[in-house]
Amino acid sequence: MSNPCIICVAITGSLPTKANNPAVPITIAEQIESTHEAFEAGASIVHAHVRNDDQTPSSDPEKFAALKEGLEKHCPGMIIQFSTGGRSGAGQARGAMLGLRPDMASLSVGSNNFPTRVYENPPDLVDWLAAEMQAHDVKPEIEAFDLSHILKAHQMWQAGQIAQVPYVQFVMGVKNAMPVDRDVFDYYIRTVHRLFGADAPWCAAGIGAQQITLNEWAVAAGGHARTGLEDNVRLDRDRLAPSNAALVRRVVEICDRHERPVATWRQARNILGLRTGQEQEQAA
Ligand SMILES: [Zn+2]
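Start counting the sequence shown at 204; every next residue gets the next number (the numbering used here).
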């Protein structure tokens with residue numbers, strides 16, 4: 204049975220700058236162009252942060268609104284996921300854009316270390332972000348930086364704080380958090396299946412040179428894959444990635460090798476239980 208692979212492209216993030224790779228899209232116009240190219244290459248989810256003109260991270264809802272408008276126009280049907288990650292703002296400012304009703308938003312449900320600091324996700328903020336997502340019909344993507352985050356997502360689902368079966372992203376290779384470890388990866392998959400059902404979809408992301416490793420593992424194991432310049436700016440040791448689309452094409456090649464079709468935006472919406480509004484229907 205064919206199991207289409209959803210490719211998520213994390214276009215910008217809050218850390219990489221033009222100094223790391225000139226292809227990192229910073230302005231809204233650059234972000235729309237880069238996403239459009241990645242969409243054409245096979246990505247069906249865009250995971251987005253926004254930046255100030257000086258490239259520092261922003262959580263300004265007006266910037267998110269402009270980005271959403273441009274993406275809906277130029278990438279019709281594509282799933283829009285905004286980051287509520289902790290680098291882009293403090294406290295409830297992290298969720299100030301949820302009222303724009305993107306299809307999805309990332310949700311971190313616990314704390315852990317990052318390369319140079321603590322990634323703080325206190326329980327009251329996690330509860331508030333989850334409640335805002337429910338109020339605005341935004342599907343959360345659970346960012347699992349640790350095993351406990353998957354179990355926390357399960358508790359929240361049972362408590363009705365998350366409406367649908369949680370969609371979990373395994374994040375591996377962040378310095379001082381969970382390293383890339385095959386046994387842990389396999390256990391993550393078993394845990395998702397045990398808690399959320401054998402058919403529950405999941406996704407994986409690796410940081411830096413490990414991005415390709417996690418892409419390979421996820422595609423081979425029947426999961427979905429995240430790529431993009433947020434997590435990794437290089438094609439290999441000697442070459443910078445020329446674009447987000449180039450990184451998406453790398454995942455498409457892995458899918459081909461494992462005989463998995465790349466999910467269209469419509470298939471991706473189906474798999475994730477997302478709305479397909481009239482707008483999206485007309486675009487098809
Ligand atoms: Zn992000």
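Glycine included, every Cβ here is placed at the ideal spot set by N, Cα and C.
Since the structure is predicted, the reported quantities are computational estimates derived from the model, not experimental observations.
Check your understanding: What do you reckon, are the CB atoms on VAL329 and VAL341 nearer than 7 Å?
Key -> Looking up residue 329 in the sequence shown gives position 126. Looking up residue 341 in the sequence shown gives position 138. By the CB criterion at 7 Å, VAL329 and VAL341 fall outside the cutoff.
Check your understanding: In angstroms, rounded to a whole number, what distance separates the CA positions of GLN470 and PRO207?
Key -> As a working note, residue 470 is residue 267 in the sequence shown. As a working note, residue 207 is residue 4 in the sequence shown. Here the alpha carbon of GLN470 sits roughly 8 Å from the alpha carbon of PRO207.
Review point. Should the stretch 451-460 be called in touch with the stretch 265-281, which here means at least 3 C-beta pairs below 8 Å?
Key: Under the Cβ criterion (8 Å, minimum of three pairs), the stretch 451-460 does not count as touching the stretch 265-281.
Check your understanding: Does ligand 1 have a heavy atom nearer than 6 Å to the CB of GLY298?
Key -> Stepping through the sequence shown from its first residue, residue 298 is reached at position 95. Ligand 1 never approaches GLY298 closely enough for any of its heavy atoms to be under 6 Å from the residue's Cβ.
Review point. What first and last residue would you give for the alpha helix (DSSP H) that runs through ARG387?
Key: Here residue 387 refers to the residue found at position 184 when the sequence shown is read from its first residue. Per the sequence shown, residue 387 should be read as Val rather than Arg. In the DSSP annotation of this structure, the continuous segment of the alpha helix (DSSP H) that includes VAL387 starts and ends at 385-399.
**Study point:** Residue list, Cβ distance to ligand 1 heavy atoms smaller than 7 Å
**Key:** After applying the 7 Å Cβ criterion, the set is ALA213, GLY216, SER217, HIS250, HIS252, SER286, GLY288, SER309 and GLU433.
Practice item. Look up ILE495 in the DSSP assignment and say whether it is helix, strand or coil. Key: Residue 495 lies beyond the residue range present for the chain, which begins at 204 and ends at 487; the question has no answer from this structure.
Practice item. Going by CA-CA distance only, name the one from LEU443, LEU432, GLY431 and ALA403 that's closest to GLY425. Key: The residue given as residue 425 occupies position 222 in the sequence shown. Of LEU443, LEU432, GLY431 and ALA403, the residue nearest in Cα terms is ALA403.
**Study point:** Identity of the residue in MET336, LYS355, PRO264 and ALA334 nearest SER314 by Cα
**Key:** Taking the sequence shown and counting its residues from 1, the one referred to as residue 314 is at position 111. Selection MET336, LYS355, PRO264 and ALA334 evaluated against SER314 yields LYS355 as nearest (Cα-Cα).
Check your understanding: Shortest alpha-carbon distance to ARG254 belongs to which of ILE248, PHE285 and GLY245?
Key -> Within the sequence shown, numbered from 1, the residue matching residue 254 stands at position 51. Checked all of ILE248, PHE285 and GLY245; the closest Cα to ARG254 is PHE285.
Review point. Do you know whose CA, among ASN473, HIS427, ASN435 and THR220, lies nearest HIS461's CA?
Key: Within the sequence shown, residue 461 is the residue found at index 258, counting from 1. The residue with the shortest Cα to Cα distance from HIS461 is HIS427.
Exercise for review: Determine the contact status of VAL227 and VAL451, defining contact as a CB-CB distance below 7 Å.
Suggested key: For the purposes of this step, residue 227 is identified with residue 24 of the sequence shown, where counting begins at 1. For the purposes of this step, residue 451 is identified with residue 248 of the sequence shown, where counting begins at 1. For the pair VAL227 and VAL451, the CB atoms are not nearer than the 7 Å cut-off.
Check your understanding: CYS230: which of PHE267, ALA244 and VAL249 sits nearest, CA to CA?
Key -> If you number the sequence shown from 1, residue 230 lands on position 27. Cys is not the amino acid found at residue 230; the sequence shown has Thr there. Its Cα nearest to that of THR230, the residue PHE267 stands out among PHE267, ALA244 and VAL249.
Exercise for review: May I ask which residues mark the beginning and end of the alpha helix (DSSP H) holding GLN361?
Suggested key: Locating residue 361 in the sequence shown gives position 158, counting from the first residue. Per DSSP, GLN361 belongs to the alpha helix (DSSP H) from 350-361.
**Study point:** Whole-angstrom distance between ALA362 and THR394, CA atom to CA atom
**Key:** The residue you call residue 394 lines up with position 191 of the sequence shown. The residue you call residue 362 lines up with position 159 of the sequence shown. Rounded to whole angstroms, the gap between the alpha carbons of THR394 and ALA362 is 18 Å.
Exercise for review: Give the straight-line distance between the Cα atoms of VAL436 and THR287, rounded to the nearest whole angstrom.
Suggested key: Here residue 436 refers to the residue found at position 233 of the sequence shown. Here residue 287 refers to the residue found at position 84 of the sequence shown. Taking C-alpha positions only, VAL436 is separated from THR287 by approximately 22 Å.
Exercise for review: Could you tell me whether the stretch 409-421 touches the stretch 369-384, using the rule of 3 or more Cβ pairs below 8 Å?
Suggested key: Counting Cβ pairs under 8 Å, three or more are found: they touch.
Check your understanding: Are the beta-carbon atoms of ALA449 and ALA241 separated by less than 7 Å?
Key -> Here the question's residue 449 lines up with position 246 in the sequence shown. Here the question's residue 241 lines up with position 38 in the sequence shown. ALA449 is not a Cβ neighbour of ALA241, given a cutoff of 7 Å.
Check your understanding: Does the Cβ-Cβ distance between THR215 and LEU274 come in under 7 Å?
Key -> Counting from one through the sequence shown, the residue named residue 215 turns up at place 12. Counting from one through the sequence shown, the residue named residue 274 turns up at place 71. Taking 7 Å as the cut-off, the beta carbon of THR215 is found no closer than this to the beta carbon of LEU274.
Check your understanding: Looking only at C-alpha atoms, which of LEU417, ILE210, ARG297 and PHE373 sits nearest to ALA244?
Key -> On the sequence shown, residue 244 is found 41 positions in, with the first residue counted as 1. Per the Cα distances, ILE210.
Review point. Helix, strand or coil: which one does DSSP assign to ALA423?
Key: Working through the sequence shown from its first residue, we reach residue 423 at position 220. Of the three classes helix, strand and coil, the one that applies to ALA423 here is helix, per DSSP.
Practice item. Can you give me the Cβ contacts of GLN367 inside the same chain, cut-off strictly under 6 Å, excluding the 5 residues immediately before and after it? Key: Numbered from its first residue, the sequence shown carries residue 367 at position 164. Result list for GLN367: GLY476, in chain order.
Exercise for review: Using the Cα positions of ALA487 and THR479, report the straight-line distance between them to the nearest angstrom.
Suggested key: Counting from one through the sequence shown, the residue named residue 487 turns up at place 284. Counting from one through the sequence shown, the residue named residue 479 turns up at place 276. Low per-residue confidence applies at ALA487: pLDDT is 46, beneath 50, and the placement is therefore not dependable, though the value from the model is reported in the following sentence. So the alpha carbons of these two residues sit roughly 10 Å apart.
Review point. Around the Cβ of PRO219, are there at least 16 other Cβ atoms within 10 angstroms (buried) or fewer (exposed)?
Key: Translated into positions along the sequence shown, residue 219 becomes position 16. Of the residues assessed, PRO219 falls on the buried side of the cut-off, its CB having 16 or more other CB atoms within 10 angstroms.
Review point. What whole-angstrom Cβ distance do GLY326 and MET336 have, given they're in contact under 8 Å?
Key: Your numbering for residue 326 matches position 123 in the sequence shown. Your numbering for residue 336 matches position 133 in the sequence shown. It should be noted that the sequence gives Pro, not Gly, for residue 326. The pair is not a contact, with the Cβ atoms about 16 Å apart (cut-off 8 Å).
Exercise for review: Go ahead and label HIS396 buried or exposed: buried means 16 or more other beta carbons lie within 10 angstroms of its beta carbon, across all protein chains shown.
Suggested key: Numbered from 1 along the sequence shown, position 193 holds the residue referred to as residue 396. Classification for HIS396: exposed.
Review point. With C-beta atoms as the reference, is ALA333 less than 7 Å away from GLN364?
Key: As a first step, residue 333 is located in the sequence shown; it is residue number 130 there, counting from the start. As a first step, residue 364 is located in the sequence shown; it is residue number 161 there, counting from the start. If you check the CB distance, ALA333 and GLN364 come in under 7 Å.
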